[in-house]
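Worksheet: one structure, shown below.
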Amino acid sequence: MSSSIIATDLVRHKEGKIARDIFVSPEVYQRELKQVFGRSWLLVGHESQIPNKYDYFVSRMGEESVIMTRDKTNKIHVFLNTCPHRGMKVCRYDQGNARVFTCPYHAWSFSVDGNKNAPPGGLVGVPHFKKAYQGGLDKSKWGLVPVAQLVNYKGSIWANWDKNAVDFETYLGDMKIYLDAVLDHRDGTPGGSEVIGGIQKWKVPSNWKFGAENFIGDLYHITSHRSVDMVSIGPSGAGRRDTIKLDDEAEKHIIRKPPPRMGSIGFPNHGHGLIGTQPHYAEPDYAASFTLTPIVEEYYKEIYHRRVENLGKQSRVLTPVGTIFPNCSFHGMQPRALFTWHPNGAQEMEMWKWYLVDADAPDEVKNVLRQYYLRYAGPAGLTEQDDMENWNYATSASSGARAGLYPYNYQMGLGFESQATDIKDAIFTASVTEQNQRLFYNRWAEFMDADSWDNLHPDASNNFHDILARSQS
Ligand code: FES
Ligand SMILES: [Fe+2]
Numbered sequence: 012m013s014s015s016i017i018a019t020d021l022v023r024h025k026e027g028k029i030a031r032d033i034f035v036s037p038e039v040y041q042r043e044l045k046q047v048f049g050r051s052w053l054l055v056g057h058e059s060q061i062p063n064k065y066d067y068f069v070s071r072m073g074e075e076s077v078i079m080t081r082d083k084t085n086k087i088h089v090f091l092n093t094c095p096h097r098g099m100k101v102c103r104y105d106q107g108n109a110r111v112f113t114c115p116y117h118a119w120s121f122s123v124d125g126n127k128n129a130p131p132g133g134l135v136g137v138p139h140f141k142k143a144y145q146g147g148l149d150k151s152k153w154g155l156v157p158v159a160q161l162v163n164y165k166g167s168i169w170a171n172w173d174k175n176a177v178d179f180e181t182y183l184g185d186m187k188i189y190l191d192a193v194l195d196h197r198d199g200t201p202g203g204s205e206v207i208g209g210i211q212k213w214k215v216p217s218n219w220k221f222g223a224e225n226f227i228g229d230l231y232h233i234t235s236h237r238s239v240d241m242v243s244i245g246p247s248g249a250g251r252r253d254t255i256k257l258d259d260e261a262e263k264h265i266i267r268k269p270p271p272r273m274g275s276i277g278f279p280n281h282g283h284g285l286i287g288t289q290p291h292y293a294e295p296d297y298a299a300s301f302t303l304t305p306i307v308e309e310y311y312k313e314i315y316h317r318r319v320e321n322l323g324k325q326s327r328v329l330t331p332v333g334t335i336f337p338n339c340s341f342h343g344m345q346p347r348a349l350f351t352w353h354p355n356g357a358q359e360m361e362m363w364k365w366y367l368v369d370a371d372a373p374d375e376v377k378n379v380l381r382q383y384y385l386r387y388a389g390p391a392g393l394t395e396q397d398d399m400e401n402w403n404y405a406t407s408a409s410s411g412a413r414a415g416l417y418p419y420n421y422q423m424g425l426g427f428e429s430q431a432t433d434i435k436d437a438i439f440t441a442s443v444t445e446q447n448q449r450l451f452y453n454r455w456a457e458f459m460d461a462d463s464w465d466n467l468h469p470d471a472s473n474n475f476h477d478i479l480a481r482s483q484s
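Its first residue numbered 12, the sequence shown is counted upward by one per residue in our numbering.
What follows is the structure, encoded as structure tokens:
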């Protein structure tokens, strides 16, 4: 290994201590771009953003710009957005429709479909080709660079630069159950969701991992949102979001600690985690939550009963929030959304947010949801502003030479993890805990230090067994 960084020394997860370097150091950052973002499955977008052939959406993987597009057969491709000639950004728009991308610098052109001599994304046009290159340029070798692996999972598009990475479903493990709960139609029909409106993008002076670790299960920061809880921005005018009506007893606990059926669920061999219910807990009875807007309330009531019919009791898991390693998070209930925490240097990230709705929901429902999403989340949303303020100041207050000597504390719930009841390779804690943050950083350190995917396969990992062996519960 060429780096002087040993990430497993910085992340002492067994002691619950993590060095501040991982949030502020440019050296750590440069290495994670390659080791983490160069080998992980990353969310690129949603198929509903490019409904027609040749539609494109310019996204990111790590720091780098990529073009997600559809060819004439409706097959989706993702290409690195840089010209093979001199590196110019081939597409400088956010989205649009184009069969051919022509580089603005010297006008090499690349066809989404390719041609008989070139694959999709291939080089098809070179100005003065014969005179300038005397026939010596092999166009078939100078197309846009495609990702190594690509998957359309229930409409969400994921890509990986590493051809040796495990396939997407192995990468997800049983986190799949929870990603399904985010992506599926609310009536349980697989997929069936769409992105509403454009996506939100904004920069925050914070390391990207603050977002990922907060969404993996930081129930402890509820105090940050006290003011917005009091303003009552939820769709029923009571609280911030209000579909987690488990039962009266549970409601009493939700502020300080989650009720027993809702807890932290983590996948130590994969690095993913969430707050949610385990599959054996049945979803509670329907509780009215859109009481201010009868048409939406009617819709959700009907959908709830359809979901019960479609899925039965056992598989209706609930998940308010979670993170898929490394930088994709979600809100699974309200406001339903996918996020990416794009790295923009050690001390800046660009947050992207896709809001999801049932594709066939009435327009009135979509509109009410859109308005609620905007007042809750995003750069102007009341809840998200609280979070950004914390991550912003935590980053700057951690970057000094003196502050850097002191690790962060991740000891909450350490040694009290238990095996999830009916999810393979998952640990569960019913009270407030930092188990998910610890396993996230442990996995991050493994990616940072491992030479290849040979050492990263989730099935070969002992993380899950090690945590349980150390656990006292
Ligand atoms: S940089 Fe694109 S054609 Fe020269
Ligand atoms: Fe928050």
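Glycine residues also receive a C-beta, built at the ideal position from the N, C-alpha and C atoms.
- No heavy atom of ligand 2 is found nearer than 7 Å to the CB of N126.
- No heavy atom of ligand 2 is found nearer than 7 Å to the CB of H342.
- Ligand 2 has no heavy atom closer than 7 Å to the beta-carbon of D240.
- Considered as a whole, the region 297-362 harbours 332-335, 339-342 and 348-354 as its complete beta strand (DSSP E) runs of no fewer than 3 residues, in chain order.
- Annotation: Y387 is outside any beta strand (DSSP E); the continuous alpha helix (DSSP H) that includes it extends over D374 to Y387.
- Its chain contains R23, K28, I29, A30 and R31 as the residues whose beta carbon lies nearer than 8 Å to that of P418, once the 5 sequence neighbours on both sides are disregarded; these appear in chain order.
- Here Q382 is exposed: its Cβ has fewer than 16 other Cβ atoms, across all protein chains shown, within 10 Å.
- Distances from the alpha-carbon of Y164 to those of R103, P131, W52 and Q358 put W52 closest.
- Contact between the region 371-388 and the region 59-71 is absent: fewer than three C-beta pairs spanning the two stretches fall below 8 Å.
- Residue nearest to G284 within the set Y310, Y182 and S59 is Y182 (criterion: CA-CA distance).
- The region 306-326 makes no contact with the region 449-460: fewer than 3 CB pairs, one atom from each, lie closer than 8 Å.
- Annotation for T351 indicates a beta carbon at 7 Å or more from all heavy atoms of ligand 2.
- The beta strand (DSSP E) runs of length 3 or more contained entirely in the region 80-159 are, from start to end of the chain, 87-91, 106-108, 111-113, 120-122 and 133-136.
- In the DSSP assignment, N171 falls within the beta strand (DSSP E) that extends over S167 to N171.
- Residue state for F68 is assigned as strand, using DSSP reduced to three classes.
- The criterion of a C-beta distance shorter than 8 Å is not satisfied by P157 and N280.
- Under the DSSP assignment, S238 falls in the alpha helix (DSSP H) whose first and last residues are R237 to V242.
- The three-state reading of DSSP puts T288 in strand, counting E and B together.
- CA-to-CA, the gap between L155 and I244 works out to about 46 Å.
- Rounded to whole angstroms, the gap between the alpha carbons of Q41 and P337 is 15 Å.
- Here Q430 is bridged, per DSSP, to I438.
- Scanning Q358, M362, G356 and G343 for the CA closest to the CA of F350 turns up M362.
- When the five nearest sequence neighbours on each side are left out, the beta carbons in the same chain lying within less than 6 Å of the beta carbon of T304 are those of V379, in order along the chain.
- Distance from the C-beta of W119 to the nearest heavy atom of ligand 1 is below 7 Å.
- Less than 8 Å separates the beta-carbon of A348 from that of A388.
- Using a cutoff of 7 Å, the CB of G133 does not count as near ligand 1, since none of the ligand's heavy atoms is closer than that.
- Shown here, M423 sits in coil according to DSSP, grouped into three states, outside any helix or strand.
- Sequence-distant Cβ neighbours of Q446 in its own chain, meaning closer than 7 Å and more than five residues away, are S275, G277, G424, E428, I438 and T440.
- Shown here for Y144: not one same chain residue has a beta carbon closer than 6 Å to its own, the five before and five after excluded.
- Residues of the same chain with a CB within less than 8 Å of the CB of V35, apart from the 5 flanking positions on each side, are N218, A357, Q358, T406, S409, S410 and G415 in chain order.
- By the neighbour-count criterion, in which a residue is buried when 16 or more other Cβ atoms sit within 10 angstroms of its Cβ, Q160 is buried.
- By the criterion of a C-beta distance shorter than 6 Å, G282 is surrounded in its chain by F336, F451 and R454, once the five residues flanking it on both sides are discounted.
- Bounds of the beta strand (DSSP E) holding Q211 are Q211 to V215.
- For I478, the closest C-alpha among the options R318, C94, D124 and E26 is that of E26.
- As a beta-bridge residue in DSSP terms, N163 pairs with I168.
- Under DSSP, R23 shares a beta bridge with K28.
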